[in-house]
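Some notes on the structure that comes next.
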Amino acid sequence: MTRTVETKPYDDQKPGTSGLRKKVPVFQQENYAENFIQSIFDALDGFAGKDLVIGGDGRYFNREVIQIAIRMAAANGFGRVIVGKGGILSTPAASHLIRKRKAFGGIILSASHNPGGPHEDFGIKYNADNGGPAPEKLTDAIFARTKTISRYRIADFDPVDIDTIATTSAGGMAVEVVDPVADYAELMESLFDFDAIRRMFAGGFRMRFDAMHAVTGPYAKEILEHRLGAPDGTSRNYHPLPDFGGHHPDPNLVHAKHLYDEMMGPDAPDFGAASDGDGDRNLVIGKGIFITPSDSLAMLAANAHLAPGYKAGLKGIARSMPTSGAADRVAEKMGVGMYETPTGWKFFGNLLDAGMATICGEESAGTGSDHVREKDGLWAVLLWLNILAVRGESAKDIVTKHWATYGRNYYSRHDYEEVESERANALVGVLRAKLKSLPGTRVRGMTIAAADDFAYHDPVDGSVSEHQGIRILFEGGSRVVLRLSGTGTSGATLRLYVERYEPDPDRHDIDTQEALADLIGAADDIAGIRSHTGRDAPSVIT
Ligand code: G1P
Ligand code: ZN
Numbered sequence: 308m309t310r311t312v313e314t315k316p317y318d319d320q321k322p323g324t325s326g327l328r329k330k331v332p333v334f335q336q337e338n339y340a341e342n343f344i345q346s347i348f349d350a351l352d353g354f355a356g357k358d359l360v361i362g363g364d365g366r367y368f369n370r371e372v373i374q375i376a377i378r379m380a381a382a383n384g385f386g387r388v389i390v391g392k393g394g395i396l397s398t399p400a401a402s403h404l405i406r407k408r409k410a411f412g413g414i415i416l417s418a419s420h421n422p423g424g425p426h427e428d429f430g431i432k433y434n435a436d437n438g439g440p441a442p443e444k445l446t447d448a449i450f451a452r453t454k455t456i457s458r459y460r461i462a463d464f465d466p467v468d469i470d471t472i473a474t475t476s477a478g479g480m481a482v483e484v485v486d487p488v489a490d491y492a493e494l495m496e497s498l499f500d501f502d503a504i505r506r507m508f509a510g511g512f513r514m515r516f517d518a519m520h521a522v523t524g525p526y527a528k529e530i531l532e533h534r535l536g537a538p539d540g541t542s543r544n545y546h547p548l549p550d551f552g553g554h555h556p557d558p559n560l561v562h563a564k565h566l567y568d569e570m571m572g573p574d575a576p577d578f579g580a581a582s583d584g585d586g587d588r589n590l591v592i593g594k595g596i597f598i599t600p601s602d603s604l605a606m607l608a609a610n611a612h613l614a615p616g617y618k619a620g621l622k623g624i625a626r627s628m629p630t631s632g633a634a635d636r637v638a639e640k641m642g643v644g645m646y647e648t649p650t651g652w653k654f655f656g657n658l659l660d661a662g663m664a665t666i667c668g669e670e671s672a673g674t675g676s677d678h679v680r681e682k683d684g685l686w687a688v689l690l691w692l693n694i695l696a697v698r699g700e701s702a703k704d705i706v707t708k709h710w711a712t713y714g715r716n717y718y719s720r721h722d723y724e725e726v727e728s729e730r731a732n733a734l735v736g737v738l739r740a741k742l743k744s745l746p747g748t749r750v751r752g753m754t755i756a757a758a759d760d761f762a763y764h765d766p767v768d769g770s771v772s773e774h775q776g777i778r779i780l781f782e783g784g785s786r787v788v789l790r791l792s793g794t795g796t797s798g799a800t801l802r803l804y805v806e807r808y809e810p811d812p813d814r815h816d817i818d819t820q821e822a823l824a825d826l827i828g829a830a831d832d833i834a835g836i837r838s839h840t841g842r843d844a845p846s847v848i849t
C-alpha cells in the first residue's frame, strides 16, 4: 500500500558541496529524511519504471534511511532499486554501478570523512545518470523544493532483507541486492596491470592500507589481498563500523598520523595508503616521504600511460582552483588541456563527459579519472601501485625525479574550524571589498600581482559559478587562496591554501611550513585571519 503523508518544510535543507549533511539527531527529526528524499524525486523527471542505485558508507543511521529510501522509491514509481549488500557501496562503486547498469540515478548515504555515530554526521546526496553528483541546477531545484514541500509518498511494507544477495519484489518494485565489491573490482582489473602488481607483491613489496574502519575495508581486502596477492594483514582496520571505531575516517596527517609515523619509521613498508569514510579520498605515503594530494595528481598524470587503461595518453587534466599548480606543468609538457574548476567534484563531470579531461584532482585528497564520475581512493592507490611496479623505483625516487623535472610546488592548507559564521562571513566580506585595491601593494617583501573572487565559466554548458574563493597571486607565482567550506556541519570552516613554486632542485628539501612561512604571514596581514576568527592558530594543518 502506498501512502501520501502530509509534512511541513524544514528550512535548513540546502545541499552543500556534496549533498545534505547534518548531525544524526537532525536527520532523526520527524519526516526530515523523507522530506529531502521526496524533494530529490520531485526535482527529477521521467524516472517511472527506471532503476535507482542505493547505498552508503555504512555509518550510523545508514540502514534506517536505506529502508526509507526503498519504500519511497517504490511509492514514487521507480521500477527497480539496486542496493549494495548490507547497505554498503563506496561512493566510487556507487558511481560505477549507476553507469554500468544505466540506472536513472543513485542515492548515496554518506558524510564522507566526517565522524559517524548517534551524535555525529550523516548525509544524503543524489547522483545523476552519468554517475556524478547532481549538478548545481539540480541541487538548487532540490533545495527550492525542500522549502515548499507539503507531502511525500511512501509505500508500506516490512523492512527489506538487504543482507542477502537476491532479487525480490516489494510494493510492485524489484529490489536487487548486489555484491558491493564485485563490479568495482572488475573495473579496476580492466584499468590496471594486475599481473605486474602481483609480481611486485610476490617479489616482497610491502604495503599498508588503512581502511579506517570505513567503507573501503571489504574492497581493499578483496582487491589487494585476494586478487593482487598482497600478504594477509596488508589491510588494516578493514571492518566497516557504524562509528568508524570512534575516529575521524579522514585520511590526512592528523587523523592518519599512525600511518604517517609508521611510514617515516625505521621499519617502514614500501608504500602506505588510506581512504576515507565513503572511499573517495586517498592518502598516499612513500617510505620516508609524504606525497601531497596536489603532487600526487601531477605525478599520477605524468605516469598514467604506464597503466593499460590510460596507455593512449590523457585528453586533459582538471584540478580544483585551490589545488596547487603542479599538474599544470605536466599538462603543459604533454600539450593537453588544463582546467581549473571550483571546489567540489561535481564541476569535473562536464569535462569528463565531454572527453576534455581524463584525470582530475583536488588538494583535499581527491583524485580520479573518467572511469567513474566521483573521486576514487582505491583507484589512486592502484594507479600508484601500477606505476611503482612498472618503473621499479621507490616512491621517493619517483617524487624527487618529478620535482627535478618540473620544479616543486610547496603547498599547505590551514583550516580554521567551527568559527562563528558571522565572524567568518565578516572576514570574507571585508576581504572581497578590498580586492581591487590589492594589486601592486607590497606585503612582507612580496608584491601582489592580482586578486579576485574566482568565478568559473563552464566550457561545456556555459554556466557561471561565482564566489568560489578568493585568490591572491604574488609576483613570481606564489599564491594564497581563502574560502569557506561547503561541507561543515557546525559553524563555519575557513580554509587558507598556500602555495609557492620552487624550480631549484637544491631547494627541494625545505620543511613545508618553513618554506611557506612568509606567505602564511602575508595571508594574515591581508585578510586579518587572527583578528576576525579570534584564533591564534589553525585547527588543522595539512
Ligand atoms: C571539501 C573539500 C573539497 C571536496 C569536498 C567533498 O569541501 O575541500 O575539495 O570536494 O570536501 O569531499 P569544502 O568543505 O572545502 O567545501
Ligand atoms: Zn569522501
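Under the working numbering, the first residue of the sequence shown is numbered 308, with each subsequent residue one higher.
Just so you know, even glycine gets a beta-carbon here, dropped at the ideal spot from N, CA and C.
A quick note: this is a predicted structure, and the numbers were derived from the prediction, not measured.
Looking only at DSSP bridge pairs, what is residue i linked to?
{"i": "residue 329", "result": "429"}
{"i": "residue 668", "result": "626, 674"}
{"i": "residue 646", "result": "625"}
{"i": "residue 517", "result": "543, 581"}
{"i": "residue 596", "result": "593"}
{"i": "residue 391", "result": "485"}
{"i": "residue 259", "result": "What is shown of the chain runs 308 to 849, which leaves residue 259 out entirely."}
{"i": "residue 889", "result": "Since the first and last residues shown for the chain are 308 and 849, residue 889 lies out of range."}
{"i": "residue 681", "result": "Paired residues: none, contrary to the question."}
{"i": "residue 745", "result": "In DSSP, residue 745 forms no bridge with anything."}
{"i": "residue 847", "result": "722"}
{"i": "residue 698", "result": "In DSSP, residue 698 forms no bridge with anything."}
{"i": "residue 799", "result": "726"}
Pick out whichever of the options has its Cα sitting closest to the Cα of residue i.
{"i": "residue 702", "options": "333, 667, 610, 678", "result": "610"}
{"i": "residue 498", "options": "627, 678, 309, 396", "result": "678"}
{"i": "residue 603", "options": "659, 654, 694", "result": "694"}
{"i": "residue 421", "options": "415, 414, 429", "result": "429"}
{"i": "residue 308", "options": "584, 461, 328", "result": "461"}
{"i": "residue 596", "options": "608, 585, 576, 839", "result": "576"}
{"i": "residue 793", "options": "330, 657, 802", "result": "802"}
{"i": "residue 552", "options": "640, 607, 541, 425", "result": "425"}
{"i": "residue 789", "options": "744, 835, 746, 822", "result": "835"}
{"i": "residue 468", "options": "456, 481, 441", "result": "481"}
{"i": "residue 663", "options": "769, 569, 368, 623", "result": "623"}
{"i": "residue 689", "options": "616, 785, 394", "result": "616"}
{"i": "residue 579", "options": "569, 588, 585, 573", "result": "569"}
{"i": "residue 370", "options": "351, 335, 381, 382", "result": "335"}
{"i": "residue 390", "options": "442, 682, 485", "result": "485"}
{"i": "residue 442", "options": "768, 454, 313", "result": "768"}
{"i": "residue 738", "options": "613, 758, 724", "result": "758"}
{"i": "residue 625", "options": "666, 829, 591", "result": "666"}
So for residue i, helix, strand or coil by DSSP?
{"i": "residue 421", "result": "coil"}
{"i": "residue 719", "result": "strand"}
{"i": "residue 579", "result": "strand"}
{"i": "residue 283", "result": "It is not possible to answer for residue 283, since the shown part of the chain is limited to 308 through 849."}
{"i": "residue 359", "result": "strand"}
{"i": "residue 851", "result": "The shown model of the chain, from 308 to 849, leaves out residue 851, and the question about it has no answer."}
{"i": "residue 633", "result": "helix"}
{"i": "residue 334", "result": "helix"}
{"i": "residue 365", "result": "coil"}
{"i": "residue 437", "result": "coil"}
{"i": "residue 781", "result": "strand"}
{"i": "residue 755", "result": "strand"}
{"i": "residue 317", "result": "coil"}
{"i": "residue 830", "result": "helix"}
{"i": "residue 534", "result": "helix"}
{"i": "residue 605", "result": "helix"}
{"i": "residue 794", "result": "coil"}
{"i": "residue 324", "result": "coil"}
{"i": "residue 462", "result": "strand"}
{"i": "residue 310", "result": "strand"}
{"i": "residue 776", "result": "coil"}
Cβ-heavy atom distance between residue i and the ligand ADP below 7 angstroms?
{"i": "residue 324", "result": "Among the ligands in the structure shown, the ligand ADP does not appear; only the ligand G1P and the ligand ZN can be found there."}
Worksheet item: Are the stretch 366-376 and the stretch 396-413 in contact at 8 angstroms, needing three or more beta carbon pairs?
Response: no
Worksheet item: Using 8 angstroms as the Cβ pair cut-off and three pairs as the minimum, do the stretch 619-636 and the stretch 701-718 touch?
Response: yes
Worksheet item: Between the stretch 830-844 and the stretch 760-768, are three or more C-beta pairs nearer than 8 angstroms?
Response: no
Discussion item. I'd like to know if the stretch 814-824 and the stretch 349-360 are in contact, where contact means that at least 3 CB-CB pairs between them fall below 8 angstroms.
Written reply: no
Discussion item. Would you call the stretch 644-656 in contact with the stretch 538-555, where contact means no fewer than 3 C-beta pairs closer than 8 angstroms?
Written reply: no
Worksheet item: Does the stretch 770-781 come close enough to the stretch 745-756 that 3 or more CB-CB pairs lie under 8 angstroms?
Response: yes
Practice prompt. Answer yes if the stretch 322-330 comes into contact with the stretch 507-527, meaning at least three C-beta pairs across the two stretches below 8 angstroms, and no otherwise.
Written response: no
Worksheet item: Do the stretch 385-393 and the stretch 309-326 touch if we need at least three Cβ pairs shorter than 8 angstroms?
Response: no
Discussion item. Does the stretch 343-352 come into contact with the stretch 529-540, if we say contact requires no fewer than three beta-carbon pairs (one atom in each stretch) closer than 8 angstroms?
Written reply: no
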